[in-house]
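Chemist:
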Ligand SMILES: [Zn+2]
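Following this line, the structure appears as structure tokens:
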């Protein structure tokens with residue numbers, strides 16, 4: 010993609026100038042989808058194409074299938090204009106706390122379920138690629154969402170959800186973080202989370218909960234220290250407090266999959282807080298390169 014063409018920044022006036030019509034958005038998606046003239050027909054996998062009948066579409070020269078820039082992307086079958094879709098992606102990625110589907114429905118005069126459905130797709134694109142595990146010093150703990158604070162580990166959790174969270178410590182403060190819903194605080198539940206998000210060489214620090222002990226086999230640098238009511242993990246506990254503050258009011262209405270979507274959304278922005286200029290463009294790229302899933306599909 011032409012550098013001048015790529016949208017950079019978090020300024021909505023600039024966004025308005027960059028994308029004035031649906032056609033501008035189709036052109037943008039086409040330049041991402043078929044970057045460097047790469048083409049592979051969705052129907053027959055043939056690699057040669059010509060210009061399609063519709064604006065910015067490509068036509069396979071073998072089977073004559075005419076593919077639009079949105080086909081097979083998360084912008085496919087959108088219930089509103091592509092320009093509005095771009096604005097929603099911009100709001101969710103560039104606003105510090107994102108935007109709820111209710112706020113979106115007011116701002117863009119759409120039905121709330123319509124916004125909810127589209128936001129669900131955006132959250133799927135915000136899932137971590139799991140390609141960049143946390144390294145260096147990593148603090149890990151769990152917390153409950155949706156219940157009284159005095160909830161103890163291992164006991165019946167009712168409607169509450171248990172979340173495990175990892176935060177990377179860097180020289181000048183904190184780095185990236187990830188969180189995942191788990192069924193209980195057992196080592197079996199911790200294992201997949203560690204595997205996805207923590208480098209084996211990392212200096213992992215947890216409290217003295219027995220569920221973490223078996224992980225020392227694979228994570229040689231895992232150290233357990235007393236939590237002292239969280240005082241020994243100040244940065245992690247500020248992170249959990251902020252995350253809970255943001256989630257408050259959402260969890261009452263959401264399924265396990267939906268809650269994970271919100272955790273992914275929160276950390277997508279959090280982990281890019283120092284790269285806000287490219288957050289919108291990179292999210293659009295992920296939405297073009299990932300197949301949409303329907304609500305209810307396993308994510
Ligand atoms: Zn074809």
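Numbering (the numbering used here), first residue to last: 10 to 308. Cβ atoms here follow ideal geometry from the backbone N, Cα and C, with glycine treated the same way. Please read these numbers as outputs of a predicted model, since none were measured by experiment.
According to DSSP, residue 170 sits in a beta bridge with which residue or residues?
Modeler: Partner(s): 154.
Chemist: Given 8 Å as the limit, is there contact between the segment 203-211 and the segment 129-144, that is, 3 or more CB pairs closer than that?
Modeler: Judged by Cβ distances under 8 Å, the segment 203-211 makes contact with the segment 129-144, as three or more pairs qualify.
Chemist: Measuring only the C-alpha atoms, how far is residue 41 from residue 179?
Modeler: Looking at the two C-alpha atoms, the distance is approximately 34 Å.
Chemist: Mind checking which residues open and close the beta strand (DSSP E) that includes residue 212?
Modeler: Residues 212-215.
Chemist: Whose C-alpha, out of 111, 117 and 199, is nearest the C-alpha of residue 90?
Modeler: If we check each option's Cα against that of residue 90, 117 comes out closest.
Chemist: Just to confirm, does residue 69 get its C-beta within under 8 Å of one of the non-hydrogen atoms of ligand 1?
Modeler: Answer for residue 69: yes, Cβ within range of ligand 1.
Chemist: Between which two residues does the beta strand (DSSP E) harbouring residue 67 extend?
Modeler: From DSSP, the beta strand (DSSP E) with residue 67 extends over 67-69.
Chemist: Go ahead and pull the three-state DSSP assignment for residue 227.
Modeler: Coil at residue 227, not helix or strand.
Chemist: Per DSSP, which residues does residue 143 bridge with? Please list them.
Modeler: According to DSSP, which records beta bridges pairwise, residue 143 is partnered with 207.
Chemist: Helix, strand or coil: how does DSSP classify residue 53 here?
Modeler: In this structure, residue 53 counts as coil in the three-state DSSP scheme.
Chemist: Any heavy atom of ligand 1 closer than 8 Å to the CB of residue 52?
Modeler: It does: the Cβ of residue 52 is within 8 Å (strictly closer) of some heavy atom of ligand 1.
Chemist: Does DSSP classify residue 74 as helix, strand or coil?
Modeler: It is coil, neither helix nor strand.
Chemist: Strictly by DSSP, which residues pair up with residue 149?
Modeler: The partner list for residue 149 (beta bridge, DSSP) reads 175.
Chemist: Looking only at DSSP bridge pairs, what is residue 186 linked to?
Modeler: In DSSP, residue 186 forms a bridge with 176.
Chemist: Return the CA-CA distance between residue 78 and residue 251, expressed in angstroms with no decimal places.
Modeler: Between residue 78 and residue 251, the C-alpha separation is close to 38 Å.
Chemist: Could you give the residue range of the beta strand (DSSP E) that holds residue 58?
Modeler: Taken as a continuous stretch (DSSP letters only), the beta strand (DSSP E) holding residue 58 covers 58-60.
Chemist: Taking only heavy atoms of ligand 3 into account, decide whether any of them is closer than 8 Å to the Cβ of residue 124.
Modeler: Inclusion of ligand 3 in the displayed structure is not the case, the ligand content consisting of ligand 1 alone.
Chemist: So is the beta-carbon of residue 72 under 8 Å away from any non-hydrogen atom of ligand 1?
Modeler: True, at least one ligand heavy atom lies under 8 Å from that Cβ.
Chemist: Which of the three DSSP states, helix, strand or coil, is assigned to residue 191?
Modeler: Residue state, collapsed to three classes: strand.
Chemist: The alpha helix (DSSP H) that contains residue 80, what's its start and end?
Modeler: Careful: residue 80 lies outside any alpha helix (DSSP H) and carries neither H nor E.
Chemist: State the DSSP-derived secondary structure class of residue 136, mapped to helix, strand or coil.
Modeler: The answer is coil: DSSP assigns residue 136 none of H, G, I, E or B.
Chemist: Quick check: does the Cβ of residue 115 come within less than 8 Å of any heavy atom belonging to ligand 1?
Modeler: Every heavy atom of ligand 1 is 8 Å or more from the Cβ of residue 115, so no.
Chemist: Name the two residues that bound the continuous alpha helix (DSSP H) containing residue 34.
Modeler: Its alpha helix (DSSP H) spans residues 31-42.
Chemist: With a threshold of 8 Å (Cβ to nearest heavy atom), would residue 55 be considered close to ligand 1?
Modeler: Yes, the beta carbon of residue 55 sits closer than 8 Å to at least one heavy atom of ligand 1.
Chemist: Is residue 56 near residue 81, with beta carbons less than 9 Å apart?
Modeler: The answer is no: Cβ separation not under 9 Å.
Chemist: Smallest Cα separation from residue 27: which of 188, 75 and 95?
Modeler: Closest by alpha carbon: 95.
Chemist: Can you grab the Cα-Cα spacing for the pair residue 232 / residue 286, in whole Å?
Modeler: Residue 232 and residue 286: Cα-Cα distance of roughly 37 Å.
Chemist: If you count every other CB in all the chains shown that lies within 10 Å of the CB of residue 67, and 16 or more means buried, which is it?
Modeler: The residue in question, residue 67, is buried, as its Cβ has 16 or more Cβ neighbours within 10 Å.
Chemist: Identify the residues that DSSP records as bridge partners of residue 232: which are they?
Modeler: Its beta-bridge partners are 214.
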